[in-house]
Amino acid sequence: WGGFSVDKATLTRFFAFHFILPFIVAALAGVHLLFLHETGSNNPSGLNSDTDKIPFHPYYTIKDILGALIMISTLSSLVLFSPDMLGDPDNYIPANPL
Numbered sequence: 001w002g003g004f005s006v007d008k009a010t011l012t013r014f015f016a017f018h019f020i021l022p023f024i025v026a027a028l029a030g031v032h033l034l035f036l037h038e039t040g041s042n043n044p045s046g047l048n049s050d051t052d053k054i055p056f057h058p059y060y061t062i063k064d065i066l067g068a069l070i071m072i073s074t075l076s077s078l079v080l081f082s083p084d085m086l087g088d089p090d091n092y093i094p095a096n097p098l
């Protein structure tokens, strides 16, 4: 528990922490969305706002899928048609064999 050097045990713990943490965050985000869709969000003013609600499924689902498709198609076109556009020019400097 407290040495002055970084050894295998420390690296193993940090690797495990950095591997597990995204799954924990994703699970907490899923639980948050579940609770939010079950009960709805609170209105701090206390007024009833049921009249201006939009159903989540047909509108926001299509909107999110469309945004994801646009992003995937943009990134795919960059990768497939101009793969060197986002690369570092230093990668094309020949290595010195000496």
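Residue numbers (the UniProt record's numbering): 1 to 98.
For each residue, glycine too, the CB sits at the ideal point set by N, CA and C.
Hey, would you say residue i sits closer than 9 Å to residue j, going by beta carbons?
i            : j                : result
histidine 32 : phenylalanine 56 : no
Pick from the options: whose alpha carbon is nearest that of residue i?
i          : options             : result
leucine 86 : Ser76, Pro94, Ala95 : Ser76
Using DSSP with H/G/I as helix, E/B as strand and the rest coil, what is residue i?
i                : result
serine 45        : coil
alanine 95       : coil
proline 58       : helix
methionine 71    : helix
phenylalanine 15 : helix
glycine 40       : coil
lysine 8         : helix
leucine 78       : helix
leucine 86       : coil
lysine 63        : helix
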